[in-house]
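Okay, structure first, notes after.
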Amino acid sequence: MPDGATRAETATTRLRTRYDNFIGGAWKAPVKGRYFTDRSPIDGSTLCEIARSDAADVDAALDAAHAARKRWGNTSPAERARLLNVIADRIDANLELLATVETRDNGKPIRETMAADVPLSADHFRYFAACIRAEEGTIGEIDHDTIAYHFREPMGVVGQIIPWNFPLLMASWKMAPALAAGNCVVIKPASDTPMSMAVLMDIVGDVLPEGVLNVVFGHGAEVGTPLARSPRINKIAFTGETTTGRQIMQYAAETIIPQTMELGGKSPNIFFADVMDHDDAFLDKALEGFALFAFNKGEVCTCPSRALVQESIFDKFIEKAVARVARIKVGDPLDPATQMGAQCSQGQMEKILGYIDVGRQEGAKCLTGGERAHPGGKCEGGFYVQPTVFYGHNKMRVFQEEIFGPVLSVTTFKDLDDAIAIGNDTIYGLGAGVWSRNINNCYRVGREIEAGRVWTNCYHVYPAHAAFGGYKQSGFGRETHKLILDHYQQTKNLLVSYSPNALGLF
Amino acid sequence: MPDRVIVTPQARALVRRLRAHYGKLLFHLSGGCCEGSAPMCFRQSDFRVGARDVLLGAIDDTPFYVGAAQFPYWAYSELTVDVTTGGGDSFSLEAPDGVRFVVRSRLFTDEEAASLPAVGSGAPA
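Protein sequence lines, in the order shown, are assigned to chains A and B.
In terms of our numbering, the first sequence has 156 at position 156, counting the first letter as 1, and numbering is strictly consecutive.
In terms of our numbering, the second sequence has 109 at position 109, counting the first letter as 1, and numbering is strictly consecutive.
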């Protein structure tokens, strides 16, 4: 029986200079023997070498997954849950190590990885361990002699493609429900940020039976494409941009498999005038909510990158809000005092600076920031951008295109209907925020905004027990919350007759 | 008549190298998170261009598309396709070589905008 939990914990928690693929319960060198260099955006330094895999490695991972598929699918929910809890415990026990690796590889502040990325990763494993134990099928009495039984069955082998903005957490969002539901997984971490997943496999690689969880490192074109296109996966999950999302859906159309797609957003953060009715803790909270576009340096699909402020308070509110943004401490993300670290890569930084240029060309008014940041010291080799706030109108490109950086575009609205209209004037629909002391404003905006999640008097909170996913071009399917188990399960109906008598038709 | 898509010599050289290696290519300008707003370079056989995709221009014989929903926002920008190093985990063909295509934008002047060519749509012939 799969019993990783009683084995000795993996001894290797030190960092290595080279990582292979994790296939069939062991580290396997890429078939072609190629590696690429993983660098830190903090200072450009080299972190490690990572397997540069291709279709042959994907095939090996699929072989391993298929070999493990039947046994894992038949493992009791209680046992699967126990092993997921072991993974959660090991993640918690290695909090500082994983948080440090994540910060070095992605550039996000250590205070975020210590408080959010890593603990939430562990919690998602615990949450889905709990869900799968509590899950039940259904029985329907069609008539006195005929019963419909509904069983939940695993899909089989699933492919998962992970983005670089929350490397460990997005992997956990996808792995935990898939594994809980009894699927075997072939997962491709982002080539910009592969290291935390590699380190994680050093920590938890012995927990699951071999072949249940397989990690293939490399580039989208060389690993993602053969994985997504394989006729040997039963489901594909993708988080990323729209063109590749479309490409993966086309592949899935060829093999007729289900997909979940999370493709980004341009989320409105709506501030009603009554937030300034009092100078109190709630106003302070709302101002923090305004500044949360800088969370994870804006590299979040749900970044509240459009702020809509009711015009009657605009001048007073924006003065306080911009001052709050201007105080954000940008610098070395390994410093616990740093609030905003490095953009994930040079290319990403260049894209963000390009959009700041577009905003200026469009005539948007830059209220703060607007330049590359130079924190000094070792960080001069890294990729930093000042938190930037533009004032303009919703038809501008900086209001409509996902910049994926610390750039906020602010405009005003007149009344509730205007707020809803501007909020919905976007091709995306992933997140939204609404801030008001009036519950009717909150409820009405919350129901009318076409987005999968509307944070109400809060923002950027990601509990496991709340569904996450997009409307419109932000994609489809949901992640987190127990209902995502549906995306990783088949429904088996047994329609049983307990009547001894023929139908009487022939 | 202004072109909507222009290309730096470095990007053109890379397109030609990929074209020689992979065969017929296309670009599709992405949106959304991560590599959103980056031009994705695919083999024509690896991406089915939709009937509503908008043809903005071409680099040699490689057509350059944007999705219909995104087009209104890119309609008045001159796009310069360039190459940069470092980063980008896209499915685009150049990424494994450690480089990535990027676009830089310049808004057309009113005079230029008035004389922009009509755009086509649909798959390459």
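Beta carbons are placed, not taken as given, at the ideal position from N, Cα and C, and that holds for glycine.
- Separation of E79 of chain A and S40 of chain A (C-alpha to C-alpha, rounded to the nearest whole angstrom) is 38 Å.
- Where H393 of chain A is concerned, there is no enclosing beta strand (DSSP E), because DSSP gives it neither an H nor an E.
- Spanning the alpha carbons of F413 of chain A and M114 of chain A requires a straight line of approximately 37 Å.
- The segment 339–377 of chain A is shown to contain whole beta strand (DSSP E) runs of 3 or more residues at 365–368, in chain order.
- Straight across, the Cα-Cα distance linking G429 of chain A with F71 of chain B is about 18 Å.
- Rounded to the nearest whole angstrom, the CA to CA distance from N438 of chain A to D274 of chain A is 8 Å.
- By the neighbour-count criterion, in which a residue is buried when 16 or more other Cβ atoms sit within 10 angstroms of its Cβ, Q386 of chain A is buried.
- In this structure, DSSP gives M175 of chain A a helical state, which the three-state scheme calls helix.
- Around the beta carbon of L503 of chain A, fewer than 16 other beta carbons lie within 10 angstroms, which makes this residue exposed.
- The contact set of H28 of chain B on chain A, defined by CB atoms closer than 7 Å, consists of T243 in chain order.
- Going by C-alpha positions, I161 of chain A is about 9 Å away from M170 of chain A.
- Counting of Cβ neighbours within 10 angstroms places G341 of chain A among the buried residues, the total reaching 16 or more.
- With a threshold of 8 Å between beta carbons, R397 of chain A makes contact with chain B.
- For D38 of chain A, the enclosing beta strand (DSSP E) stretches over residues 35–39.
- For L93 of chain B, the residues of chain A that pass the 8 Å Cβ criterion are A221, in the order they occur in the chain.
- The beta carbon of R229 of chain A sits closer than 8 Å to the beta carbons of Y251, E254, T255 from its chain, once the five residues preceding and following it are set aside; these are given in chain order.
- Around the CB of K70 of chain A, fewer than 16 other CB atoms lie within 10 Å, so the residue is classed as exposed.
- At a cut-off of 8 Å between beta carbons, I427 of chain A contacts chain B.
- Following the DSSP letters along the chain, one finds R437 of chain A in no beta strand (DSSP E), marked with neither H nor E.
- Counting only the Cα atoms, D279 of chain A lies some 50 Å from H219 of chain A.
- Nearest to P226 of chain A by alpha-carbon distance, out of A:D57, A:D38, A:P77, is A:D57.
- For A190 of chain A, the nearest beta carbon of chain B is closer than 8 Å to its own beta carbon.
- Proximity of chain B to T225 of chain A at the Cβ level (cut-off 8 Å) is accounted for by D46, F91, in chain order.
- Listed in chain order, the non-local C-beta contacts of M276 of chain A below 8 Å within the same chain comprise L283, I313, K316, F317, local neighbours out to five positions each way being set aside.
- Here the segment 28–38 of chain B makes contact with the segment 102–118 of chain B; the two share three or more CB pairs at distances below 8 Å.
- Taking the CA atoms as reference points, T146 of chain A sits about 20 Å from F506 of chain A.
- Under DSSP, E49 of chain A shares a beta bridge with A:R18, A:T37.
- Of all residues in the segment 303–317 of chain A, none is placed with a Cβ closer than 7 Å to any Cβ belonging to chain B.
- Comparing alpha carbon positions, the residue from A:G156, A:D206, A:N165 closest to V185 of chain A is A:G156.
- The shortest CA-to-CA distance from A68 of chain B to any of B:D53, B:D60, B:E78, B:I59 is the one to B:D53.
- Using a Cβ-Cβ cut-off of 8 Å, P333 of chain A does not count as an interface residue toward chain B, since no Cβ of chain B sits closer than that to its own.
- Counting along the chain, L283 of chain A sits inside the alpha helix (DSSP H) bounded by residues 281–291.
- N296 of chain A carries a helical assignment under DSSP once its states are collapsed to helix, strand and coil.
- Separation of the CB atoms of P30 of chain A and A51 of chain A is rounded to 4 Å, and the pair is thereby assigned contact status at 8 Å.
- Chain B has a Cβ within less than 8 Å of the Cβ of F404 of chain A.
- The beta carbon of P109 of chain A does not come within 8 Å of any beta carbon belonging to chain B, so the residue lies off that interface.
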